[in-house]
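Residue numbers (the numbering used here): 1 to 277.
Beta carbons are placed, not taken as given, at the ideal position from N, Cα and C, and that holds for glycine.
As the structure is a computational prediction, the values presented were derived from the model and not from experiment.
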């Protein structure tokens, strides 16, 4: 085994015993040298599913946070009860005060815990904004440039400024990981708020690799129109991507479209799904 990724938290499940689904995302990553965790979901599923799927959270070397939303960070306290101290890689703005507005509903969607509380439990935050090799052949995207015209930020998402004003949240802390393997890059997405095409182009440019073997995680295509789906598939073909494991914010209807277009190249990255190289 060169690399093994197991989904621990996601909206749905693909195994029949003991696991639960929740709106969110988390992936347990095993390499030849060490294990690490990508996101923690909302917190209700992480520990339960790690036990059911026999993934030892105490074995991880670090936690990587894709961005500061509750459904990717809510499991941190439970995780720190199992593994502490723990290095945590993320953007420095993950603790921004964030809200979601729609149809008269206002909901807080930021990290559910303060930085001070998490640090008191053993979190060692390692903040960065630039593309960074955080370990051998494991690359953090850093801030991704938004170059496409068809990938948009949700207008419902707002962030509070230092003056207390609520403005459009550009979610600059939206990060992804790329792992270099013998088959090409494997990219893990949290929500792809930066746009999946922007993210894939970014990794190709920064790593100087020519192909991406697999992409899995939240694609944020659940809000996409046909033009965006078409442009995304063009990029999947351009980089010879063999596996797309869509989950979380992809949505069922768009997942069905992707399956019809990609066939065996597509799989549902639900709780219990595994990608192994």
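Exposure of residue i, with buried meaning 16 or more beta-carbon neighbours within 10 Å
{"i": "residue 1", "result": "exposed"}
{"i": "residue 252", "result": "exposed"}
{"i": "residue 164", "result": "exposed"}
{"i": "residue 98", "result": "buried"}
{"i": "residue 71", "result": "buried"}
{"i": "residue 228", "result": "buried"}
{"i": "residue 9", "result": "buried"}
{"i": "residue 11", "result": "buried"}
{"i": "residue 250", "result": "buried"}
{"i": "residue 273", "result": "buried"}
{"i": "residue 175", "result": "buried"}
Helix, strand or coil at residue i [DSSP, three-state]
{"i": "residue 161", "result": "coil"}
{"i": "residue 156", "result": "coil"}
{"i": "residue 255", "result": "helix"}
{"i": "residue 104", "result": "coil"}
{"i": "residue 116", "result": "helix"}
{"i": "residue 265", "result": "helix"}
{"i": "residue 148", "result": "coil"}
{"i": "residue 93", "result": "coil"}
{"i": "residue 185", "result": "strand"}
{"i": "residue 140", "result": "strand"}
{"i": "residue 246", "result": "strand"}
{"i": "residue 52", "result": "helix"}
{"i": "residue 131", "result": "coil"}
{"i": "residue 36", "result": "strand"}
{"i": "residue 271", "result": "strand"}
{"i": "residue 88", "result": "strand"}
Residue interval of the beta strand (DSSP E) (run including residue i)
{"i": "residue 7", "result": "3–9"}
{"i": "residue 178", "result": "176–181"}
{"i": "residue 123", "result": "123–127"}
{"i": "residue 61", "result": "60–64"}
{"i": "residue 275", "result": "274–276"}
{"i": "residue 28", "result": "26–31"}
{"i": "residue 168", "result": "166–168"}
{"i": "residue 212", "result": "212–218"}
CB contact check: residue i to chain B, cutoff 8 Å
{"i": "residue 117", "result": "Protein chain content of the structure displayed is limited to a single chain, and chain B is not contained in it."}
Proximity of residue i and residue j at Cβ, strictly below 8 Å
{"i": "residue 29", "j": "residue 5", "result": "yes"}
{"i": "residue 240", "j": "residue 276", "result": "no"}
{"i": "residue 62", "j": "residue 39", "result": "no"}
{"i": "residue 214", "j": "residue 245", "result": "yes"}
{"i": "residue 90", "j": "residue 173", "result": "yes"}
{"i": "residue 217", "j": "residue 188", "result": "yes"}
{"i": "residue 100", "j": "residue 22", "result": "no"}
{"i": "residue 231", "j": "residue 198", "result": "no"}
{"i": "residue 265", "j": "residue 234", "result": "no"}
{"i": "residue 121", "j": "residue 84", "result": "yes"}
{"i": "residue 270", "j": "residue 47", "result": "no"}
{"i": "residue 158", "j": "residue 168", "result": "yes"}
{"i": "residue 278", "j": "residue 221", "result": "With the chain covering only 1 through 277, there is no way to say anything about residue 278."}
{"i": "residue 57", "j": "residue 79", "result": "yes"}
{"i": "residue 37", "j": "residue 51", "result": "no"}
Terminal residues of the alpha helix (DSSP H) in which residue i lies
{"i": "residue 200", "result": "196–207"}
{"i": "residue 228", "result": "226–238"}
{"i": "residue 73", "result": "70–73"}
{"i": "residue 79", "result": "76–80"}
Whole-angstrom C-beta distance between residue j and residue i, which should lie under 8 Å
{"i": "residue 139", "j": "residue 131", "result": "7 Å"}
{"i": "residue 191", "j": "residue 26", "result": "Incorrect: roughly 12 Å between the Cβ atoms, too far for contact."}
{"i": "residue 111", "j": "residue 68", "result": "5 Å"}
{"i": "residue 181", "j": "residue 196", "result": "Rounded, the Cβ-Cβ distance is 19 Å, inconsistent with contact."}
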